[in-house]
Each structure stands twice: as structure tokens, then as C-alpha cells.
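First up is the structure itself, then whatever we jot down about it.
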Amino acid sequence: MKISIIGTGYVGLVTGVCLSDFGLDVLCVDKDKEKIKILNSGGIPIYEPNLKELLKKNTTEGRLKFSNDLKFAIEQSQVIFIAVGTPSNNDGSANLKQIEEVARQIAEYINDYKLIVNKSTVPVGTAQKVKNIISKYQTKKYPFDIVSNPEFLREGSAVYDFTHPDKIVIGSESSKALNIMQEIYRPLYLINTPFVITNPETAELIKYACNAFLATKITFINEVANLCEKVGADVHQIAQAMGLDGRISPKFLHPGPGYGGSCFPKDTKALYHFASEKEYDFKILGAVINANKRQREIMVEKIKRLVGSLKDKTIGILGLSFKPNTDDIRESASLDIIKLLLKEGARIKCYDPLAIENTKKILSDLTYCNDEYETAQDSDALVIATEWNQFRNLDLLEIKKILKTPILIDLKNLYEPTKMKELGFIYEGVGRL
Ligand code: NAD
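The numbers in the working numbering rise by one with no breaks, and the one at position 33 of the sequence shown is 30.
Given below as C-alpha cells:
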């Protein structure tokens, strides 16, 4: 079975590499020539653990190829995965231009039965929209099916997540399409992965419901943490106790500067917008979106409270990516906080193990450092903004010595407040005693 993946970003590339590792014949296509050039020379345009190794194995064994030639890809494949971006419009709605463009291209080049699988996160009704576009624009009427197959991988562990998913969701109205999908995912069926088979509308909404719920859970514990600071309670113990309740689970109960990344911010906004288009006021989601924005501001207020006026102060920031193990800085809390600090007149020194090059493209006026210690050197305060493992075991005595003032603001609660105070730091986490 020949498969094409249109869009070779985080989702498309991981999908293509992993499906080729399942033994399928995969062609990954992207309109970005530079990306395909990097991939054809054995490199990868993003960082993702194990991706490069798996890519090399499958290209060497001849199952995985990369191209800019969309016409060839559509013509030669029976199954076409769509994994293009669905960024936010200014009003928060999902921008479907990339999806619509691909649908038109499929209509132009379709030459036989095709199964079109949408992996991008899209509002309810998009499968139908893609179907309408292809039907409208194809010159000769070839049969095709559309399936909604949302992706749940997490950046930073994407290969593992794709090959060990909690579930596979398939929204289909055709038994032929369903059989092909089950054949593609047979290796996952064999390891007892649950399959949720439903209609495309439900599949589309499952993805948004999952992301919106996780964003809500993060926001909820952030709000509890903020309250803890006012009443002398410890959010870690609260989260631990909450997590012991099997109905709640301990995951996503880590307070911090608010969720970020390429999915939660845009998907919460898209669902909220989509609901209001359907004349439903999704109140809890509106509150989550606003509370998450406010959480960045609360973090900046915390920094100001400890440092004083930020004008001409140097703030060292550890962590730029939206989470560890990725170079992705989209909607990163760290970057939002940096922008707010710059507005207050602060100078920023910063370090991240992987995300410096991406950050330089949008924030050129920061001082980029080679490590944690260069960042702390002569800074008025050090802020931990992303929980990279290597920040968990800093040489604290050295950090204290080289900071201008020993202020450490730990937005990821990596350190124990009592110990930090014993060491002589002016230390604050989020919601901790
Ligand atoms: P991305 O922006 O990293 O990649 C999209 C790619 O599609 C880009 O390389 C772009 O050049 C390419 N593209 C756009 N139009 C094209 C066209 N007409 N022909 C060929 N290539 C085209 O996006 P991503 O992070 O991989 O996300 C893709 C989708 O998956 C989004 O809807 C996202 O919400 C969803 N998703 C993302 C994640 C994640 O962790 N990143 C997880 C689950 C779902």
C-alpha cells in the first residue's frame, strides 16, 4: 500500500517515519523546499527524540522518501494523509487555508480511488468541507473517502506516543475506508491499542475535547496555586492529594506559568470560537483562555515583587521552549514572559539547550548564553521557565555566588523552597510555602 503524507511538520514527519517503520511505503511531501532538502540529505528540520535514527533506518531500507512533488505523491498513492497546519486566525478561529489548498490539489491530481485521512486538528465539519471541495473541483469523477484520524502525540516524546498511543480515533462513514485504516494501524491493534470508531464529526470533536480538558486541568491547578500563595497552603501537597483520587489522576496537575505550545492555545481558542459560531457560549473554556493569559502576567508580577522595578535590571531566563525536549517555541510561556519583562525595561540573558536558534529568529535583542552559569552571571535574578532536566541539578552555591542578587524564581517548582532559603536564596516557586 502506497501512502503519502502531505505536510512534513511535527505531525506529518513523525507519522511518515513511524508508518514506514510499520513496513509501509511512505512518501512525505511538503511545499517547503528547504525542509525537503534537509530531509533528503539525512537531516531533520525539528528536534524529536529517536526521530533521526528511525528516519535513517527507513530511508536506508527504501520505505521512506521525501519530495516537493505533490502531483506525483497524489497520483501514486492509495492513501493520502493530510497533516498541514491549522493555525489561529486573529479572532481565534481555526485557519483552514492549508487544508483547503490541499483539498483542491487532491481534486486536481486525483486519478483513481483515494482514501484521504485528515490528521490535522480541525473544527467539526471539516471532513465534509474537504469532501465538498474535492467533489466540486475534480474534473473526472473518481471515487474517494474521507476519514478523520486526529493525532494525540506530544512533542518531545512524539515517536514513542505514535507507536504506543492511548487510543486511535477513526471517524469514517465508509467500511472500505475503515478496513484500510485498520490495516495501516494493524501493528498497534496487535499491541491491544483501543480503537474508537465513530463518525467524522465526533472524531473531530474528540481531539478538541481532549486538548481543552487538559488545558482546563492545567489552568485549574494554576488557579489553586495562586490561591495557595494568598493563604499559606502548599500546592504540591494539594496536587499530590488530588492525584491520589483515582477519578482525578496526578497528571497535568503541575502549576506553572500557564500552558503553551503549538496545540493547547490555538485549540482552546478554536473550540471556543467554533462553539460560539454554533451559538453556544462555552463558558468554562472562555475562562480558561483568559486565566492562562493572566497567569503569564501573575508570573511577571511575582518577578517584579522580588526584584523591584525592572527598568535596566538584568533577568536571566533558563528555558525558552514551551516544554522540555523540544526546540518548539510556539506560544511558549517563557517567551511571553520575556516580552512582558522587556516592556518593563528589563534586559534579558537567556539559555535553552535546544531552542536558542528558533528564538533568535523572533527576538534578536536578547543576550543568548552558552549555559546556565553564563546566564546567571551578574544577573539581578534568575528565572526557571522550562523544566529541562539539566536545570534540576544546578550547582546552587555557584549560582548564588555569580548572581548579582541571589534571587531565584522557579516557575516550574524544580527546587524545594525550604532548602533554597537555607542556602540563602530569595526564592519563590508557584503556589509553594
Ligand atoms: P507544522 O506547521 O509543523 O507543519 C505543517 C507543514 O505542512 C509545514 O511544513 C508546511 O510547509 C506544510 N504544508 C502546508 N501546506 C502544504 C501544502 N499545500 N502542501 C504541502 N505541504 C504543506 O504543523 P504541525 O505541528 O505538524 O501540526 C499539523 C497539524 O497537526 C495541526 O493541525 C496541529 O494542530 C495538529 N497536531 C499537532 C501536534 C503537535 O504536537 N505539533 C499534535 C497533534 C496534532
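Where is the CB? At the ideal position from N, CA and C, for every residue including glycine.
Cα-Cα separation between residue i and residue j, rounded to whole angstroms
i           : j           : result
residue 75  : residue 159 : 22 Å
residue 348 : residue 250 : 26 Å
residue 229 : residue 381 : 22 Å
residue 322 : residue 137 : 47 Å
residue 63  : residue 335 : 37 Å
residue 271 : residue 208 : 14 Å
residue 50  : residue 32  : 17 Å
residue 320 : residue 370 : 21 Å
residue 7   : residue 218 : 28 Å
residue 187 : residue 180 : 11 Å
residue 429 : residue 253 : 11 Å
residue 20  : residue 185 : 13 Å
residue 196 : residue 151 : 24 Å
residue 357 : residue 147 : 32 Å
residue 329 : residue 139 : 44 Å
residue 374 : residue 9   : 41 Å
residue 192 : residue 426 : 41 Å
residue 84  : residue 395 : 43 Å
Limits of the alpha helix (DSSP H) - the one that residue i falls within
i           : result
residue 176 : 172 to 181
residue 225 : 197 to 228
residue 123 : 123 to 134
residue 55  : 48 to 57
residue 356 : 353 to 359
residue 19  : Careful: residue 19 lies outside any alpha helix (DSSP H) and carries neither H nor E.
residue 264 : 261 to 274
residue 415 : 414 to 419
residue 157 : 155 to 160
residue 297 : 280 to 304
residue 424 : First-last for residue 424: 423 to 425, but that is the beta strand (DSSP E), not the alpha helix (DSSP H).
residue 401 : Residue 401 -> no alpha helix (DSSP H), and no H or E assigned at all.
residue 372 : 369 to 373
Cβ-based burial, residue i [other Cβ within 10 Å; buried from 16]
i           : result
residue 350 : buried
residue 237 : exposed
residue 269 : buried
residue 11  : buried
residue 324 : buried
residue 284 : exposed
residue 299 : buried
residue 173 : exposed
residue 45  : buried
residue 333 : buried
residue 410 : buried
residue 57  : exposed
residue 407 : buried
residue 216 : buried
residue 200 : buried
Sequence-distant residues of its chain with Cβ nearer than 8 Å to residue i (five each side left out)
i           : result
residue 28  : 65 and 67
residue 177 : -2, 75, 76 and 112
residue 70  : 1, 3, 24, 26, 64 and 77
residue 240 : 246, 247, 248 and 250
residue 308 : 341, 342 and 343
Own chain residues within Cβ distance below 6 Å of residue i, not counting five before or after
i           : result
residue 366 : 346, 348 and 372
residue 108 : 72
residue 310 : 304, 343 and 377
residue 204 : 118 and 147
Cutoff 7 Å; reference residue i; Cβ partners in own chain excluding five residues on either side
i           : result
residue 89  : 266, 267, 269 and 270
residue 327 : 258, 259 and 319
residue 39  : 53
residue 23  : 0, 2, 13, 16, 17, 60 and 61
residue 97  : 130
Element boundaries [beta strand (DSSP E), containing residue i]
i           : result
residue 344 : 344 to 348
residue 114 : 111 to 115
residue -1  : -1 to 3
residue 404 : 404 to 407
Cβ pair count under 8 Å reaching 3, the segment 110 to 129 against the segment 290 to 302:
Flag = no, the segment 110 to 129 and the segment 290 to 302 do not touch.
Validate contact between the segment 154 to 174 and the segment 130 to 138 using beta carbons, cut 8 Å, 3 pairs
Between the segment 154 to 174 and the segment 130 to 138, the count of Cβ pairs shorter than 8 Å is below three; the stretches do not touch.
So, do the segment 97 to 114 and the segment 75 to 85 have three or more beta carbon pairs nearer to each other than 8 Å?
As far as the Cβ criterion goes, the segment 97 to 114 touches the segment 75 to 85, which means the pair count is three or higher.
Tell me whether the segment 209 to 219 and the segment 240 to 257 touch, counting them as touching only if at least three CB pairs, one residue from each stretch, are closer than 8 Å.
Contact holds between the segment 209 to 219 and the segment 240 to 257, because three or more Cβ pairs, one in each stretch, are under 8 Å apart.
Does the pairing of the segment 374 to 390 with the segment 308 to 315 give three or more beta-carbon distances under 8 Å?
They touch, by the three-pair rule.
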